[in-house]
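Only one structure is covered here, and it is reproduced in the block below.
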């Protein structure tokens, strides 16, 4: 158990606690209680005086394995490099307060593997919600993005593409 003492909080986000400062009791990484500031004693604690505790932020549109590269660079990088880049970017987001990252399309389902590694505790990172490849009708320009697109041109092809991505580990389409 650890207690965040004297933390500023937003009462609207605390499910019933109406104070502006509090002691926040955390057990096994989960908030157990929010109590009036100064009321929890005899516990490992961090003094949060002057600091505000917020819930984790959500990054809702990100390409973890592609950010920061131009399309030419994206096309020539090996999957191993893009995987390491995705891990670093996800960890950078976690350090900035984003506890959940929604990835909106990657090459070769790299981010699906990164999400699995985070979920299994192999490396530390945020919760990643991968979509896998972008499912798109065949059109000019898709080939420019290499294996980031999975093309489908009929209802049956879209159903098959969705099933393929789901089997690969996509958490949303």
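Numbering (the numbering used here), first residue to last: 1 to 173. Ideal Cβ positions, reconstructed from N, Cα and C, are used throughout, including at glycine. Keep in mind the model is a prediction, meaning the values are calculated, not measured.
Own chain partners of residue i with C-beta closer than 8 Å, once the 5 adjacent residues on each side are dropped
i: residue 136; result: 142, 149, 150, 151 and 152
i: residue 44; result: 1, 2 and 3
i: residue 62; result: 89, 93, 101, 102, 103 and 104
Own chain, CB closer than 6 Å to residue i, minus 5 neighbours either side, in chain order
i: residue 19; result: 36
i: residue 158; result: 152
i: residue 99; result: 56 and 126
i: residue 91; result: 125
i: residue 66; result: 74
Which listed residue (the options) has its alpha carbon closest to that of residue i
i: residue 4; options: 30, 47 and 28; result: 47
i: residue 144; options: 118, 75, 154 and 69; result: 75
i: residue 121; options: 52, 50, 139 and 87; result: 87
i: residue 40; options: 16, 71, 154 and 7; result: 7
i: residue 52; options: 81, 24, 154 and 134; result: 24
i: residue 22; options: 38, 12 and 98; result: 38
i: residue 68; options: 78, 54, 85 and 80; result: 85
Residue environment, residue i, which counts as buried when at least 16 other CB atoms sit within 10 Å
i: residue 56; result: exposed
i: residue 89; result: buried
i: residue 10; result: exposed
i: residue 126; result: buried
i: residue 72; result: exposed
i: residue 112; result: buried
i: residue 161; result: buried
Sequence-distant residues of its chain with Cβ nearer than 7 Å to residue i (five each side left out)
i: residue 60; result: 102
i: residue 172; result: 129 and 131
i: residue 14; result: 34
Inter-residue CB distance, residue i and residue j (contact presumed, cutoff 8 Å)
i: residue 147; j: residue 114; result: The Cβ separation is near 16 Å, so there is no contact.
i: residue 64; j: residue 106; result: 7 Å
i: residue 108; j: residue 169; result: With 8 Å as the limit, residue 108 and residue 169 do not qualify as a contact, their Cβ atoms being about 12 Å apart.
i: residue 133; j: residue 165; result: 6 Å
task = Tell me the start and end of each unbroken beta strand (DSSP E) in the stretch 77 to 154 that is at least 3 residues and wholly inside, in chain order.
result = 98 to 103, 127 to 130, 134 to 136 and 149 to 151
task = Report the residue ranges of all beta strand (DSSP E) runs contained in full by the stretch 8 to 47; include only those spanning at least 3 residues, in chain order.
result = 21 to 27, 30 to 36 and 44 to 47
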